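Enquirer: So that we are looking at the same thing, I have put the structure below in structure tokens.
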Amino acid sequence: AQSVTQLGSHVSVSEGALVLLRCNYSSSVPPYLFWYVQYPNQGLQLLLKYTTGATLVKGINGFEAEFKKSETSFHLTKPSAHMSDAAEYFCAVSWGGAQKLVFGQGTRLTINP
Amino acid sequence: NAGVTQTPKFQVLKTGQSMTLQCAQDMNHNSMYWYRQDPGMGLRLIYYSASEGTTDKGEVPNGYNVSRLNKREFSLRLESAAPSQTSVYFCASSEGAFSAAFGNGTRLTVT
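In the order they appear, the protein sequences are chains A and B.
Counted the way the numbering used here counts, the first sequence spans residues 1 to 113.
Counted the way the numbering used here counts, the second sequence spans residues 114 to 224.
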């Protein structure tokens, strides 16, 4: 079955440090890949997405992610964390005509001052 | 820009009661979805509708029914609520297999 795994349910970094949130998927079919962010008591907001073309994707708020087909990964990074980045982050995948998103379990990001 | 609108925002039910969660989108999207969010489990798909007039089961459909009333509206019904259905429910819409827009959620407690 197709699945999405986010390594680490909780990641804590210092303000100004590198943010790295990991996402791996299982599929033999090339997927579409997404990262969403959820702030407390809100819905999900799209950070970035990969569909085709360049494998390094830039999103909002300084985040970027790289699709690595050989590693079936789509890790999210930000060079310098800001206090406002504290939120829950979800990796999601869809497969062509399936027309539905499958989500990972989520990673809660905490930023230490 | 309303996007995806869900009602109500909060609801408390007693076991066995029924209710309908409403969702409407104004982006002319063909596909609509209902997810539930539980701690440590991400978002799990309950039902989805790829286009007006069609609905399909997702990962966790038991205890729920849906209606795609028209292109804009997609409702989720709990016929006989159970404590296991305590969750936050999100409606989403998308065009094809691309990124979805989400509502702000309905927080449901079943006692």
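We put the beta carbon where it would ideally sit given N, CA and C, even for glycine.
Since we're looking at a predicted model, the values are computed, not measured.
1) Using a Cβ-Cβ cut-off of 8 angstroms, state whether residue 153 of chain B counts as contacting chain A.
2) Just grab the DSSP bridge partners of residue 158 of chain B for me.
3) In whole angstroms, what separates the C-alpha of residue 84 of chain A from that of residue 77 of chain A?
4) Would you check if the distance between the CB atom of residue 98 of chain B and the CB atom of residue 162 of chain B is smaller than 8 angstroms?
5) Whose Cβ in chain A lies nearer than 9 angstroms to the Cβ of residue 217 of chain B?
6) Between which two residues does the beta strand (DSSP E) harbouring residue 223 of chain B extend?
7) Compute the Euclidean distance between the alpha carbons of residue 106 of chain A and residue 65 of chain A, then round it to the nearest angstrom.
8) Which runs of the beta strand (DSSP E) fall wholly inside the segment 7 to 95 of chain A and span at least 3 residues, in chain order?
9) Answer with yes or no whether the minimum CB distance from residue 78 of chain A to chain B is below 8 angstroms.
10) What does the Cβ neighbour count give for residue 219 of chain B, buried or exposed, with the cut at 16 atoms within 10 Å?
11) Cα-Cα, which of B/164, B/156 and B/188 is closest to residue 137 of chain B?
12) Can you check whether the C-beta of residue 134 of chain B is within less than 8 angstroms of a C-beta belonging to chain A?
13) Tell me, to the nearest whole angstrom, how far the beta carbon of residue 86 of chain A is from that of residue 110 of chain A; I am working on the premise that it is less than 8 angstroms.
14) Just the C-alpha distance for residue 190 of chain B and residue 122 of chain B, rounded to the nearest angstrom, thanks.
15) Alpha carbon to alpha carbon, how far is residue 91 of chain A from residue 59 of chain A? Give it in angstroms, no decimals.
16) From the beta carbon of residue 188 of chain B, is the nearest beta carbon of chain A less than 8 angstroms away?
17) Identify the continuous beta strand (DSSP E) that holds residue 117 of chain B and give its terminal residues.
18) Beta carbons nearer than 9 angstroms to chain A: which residues of the segment 170 to 184 of chain B have them?
19) How long is the line joining the alpha carbons of residue 57 of chain A and residue 23 of chain A, rounded to whole angstroms?
20) Taking the alpha-carbon of residue 177 of chain B as reference, which of B/217, B/216 and B/129 has the nearest alpha-carbon?
21) Could you work out which residues of chain A lie near residue 158 of chain B, taking near to mean beta carbons separated by less than 7 angstroms?
22) Based on DSSP bridge pairs, tell me the residues matched to residue 112 of chain A.
23) Thinking C-beta only, is residue 25 of chain A closer than 8 angstroms to residue 55 of chain A?
Expert: Concretely, from the data shown:
1) Taking the second sequence and counting its residues from 1, one reaches residue 153 of chain B at position 40. Interface residue, yes.
2) Taking the first residue of the second sequence as position 1, residue 158 of chain B is located at position 45. In DSSP, residue 158 of chain B forms a bridge with B/148.
3) As a first step, residue 84 of chain A must be located in the first sequence, where it is residue number 84. As a first step, residue 77 of chain A must be located in the first sequence, where it is residue number 77. Looking at the two C-alpha atoms, the distance is approximately 15 angstroms.
4) Summary: the structure shown does not reach residue 98 of chain B, with chain B confined to residues 114 through 224, and so no result is reported for it.
5) On the second sequence, position 104 is the one that residue 217 of chain B refers to. Within chain A, the residues near residue 217 of chain B are 41, 42 and 43.
6) The count along the second sequence starts at 1 and reaches residue 223 of chain B at position 110. For residue 223 of chain B, the enclosing beta strand (DSSP E) has its first and last residue at 219 to 223.
7) By 1-based counting over the first sequence, the position of residue 106 of chain A is 106. By 1-based counting over the first sequence, the position of residue 65 of chain A is 65. Near 16 angstroms, if we compare the C-alpha coordinates of residue 65 of chain A and residue 106 of chain A.
8) 10 to 14, 19 to 26, 32 to 38, 44 to 50, 56 to 58, 64 to 68, 73 to 78 and 87 to 94
9) Walking along the first sequence from the start, residue 78 of chain A turns up at place 78. False, the Cβ-Cβ gap to chain B never drops below 8 angstroms.
10) To locate residue 219 of chain B, count along the second sequence from 1; it is residue 106. Burial call: buried.
11) Against the second sequence, residue 137 of chain B aligns to sequence position 24. When only C-alpha atoms are compared, the closest one is B/188.
12) Residue numbering aside, residue 134 of chain B sits at position 21 when the second sequence is read from its first letter. Not an interface residue.
13) As a first step, residue 86 of chain A is located in the first sequence; it is residue number 86 there, counting from the start. As a first step, residue 110 of chain A is located in the first sequence; it is residue number 110 there, counting from the start. About 6 angstroms separates the two Cβ atoms, so the contact holds.
14) Within the second sequence, residue 190 of chain B is the residue found at index 77, counting from 1. Within the second sequence, residue 122 of chain B is the residue found at index 9, counting from 1. Rounded to whole angstroms, residue 190 of chain B to residue 122 of chain B spans 15 angstroms at the Cα level.
15) To locate residue 59 of chain A, count along the first sequence from 1; it is residue 59. To locate residue 91 of chain A, count along the first sequence from 1; it is residue 91. Approximately 13 angstroms between the Cα atoms of the pair.
16) If you number the second sequence from 1, residue 188 of chain B lands on position 75. It does not; no Cβ of chain A falls within 8 angstroms.
17) The residue you call residue 117 of chain B lines up with position 4 of the second sequence. Counting along the chain, the beta strand (DSSP E) containing residue 117 of chain B begins and ends at 117 to 120.
18) Hits within the stretch, in order: 171 and 172.
19) Looking up residue 57 of chain A in the first sequence gives position 57. Looking up residue 23 of chain A in the first sequence gives position 23. Cα to Cα, residue 57 of chain A sits roughly 14 angstroms from residue 23 of chain A.
20) For the purposes of this step, residue 177 of chain B is taken as the residue at position 64 of the second sequence. When only C-alpha atoms are compared, the closest one is B/129.
21) For the purposes of this step, residue 158 of chain B is taken as residue 45 along the second sequence, with counting starting at 1. Ordered by position in chain A, the residues that pass the 7 angstroms Cβ test against residue 158 of chain B are 100.
22) For the purposes of this step, residue 112 of chain A is taken as the residue at position 112 of the first sequence. Answer is A/14, bridged to residue 112 of chain A.
23) Here residue 55 of chain A refers to the residue found at position 55 when the first sequence is read from its first residue. Here residue 25 of chain A refers to the residue found at position 25 when the first sequence is read from its first residue. Going by C-beta atoms, residue 55 of chain A is not nearer than 8 angstroms to residue 25 of chain A.
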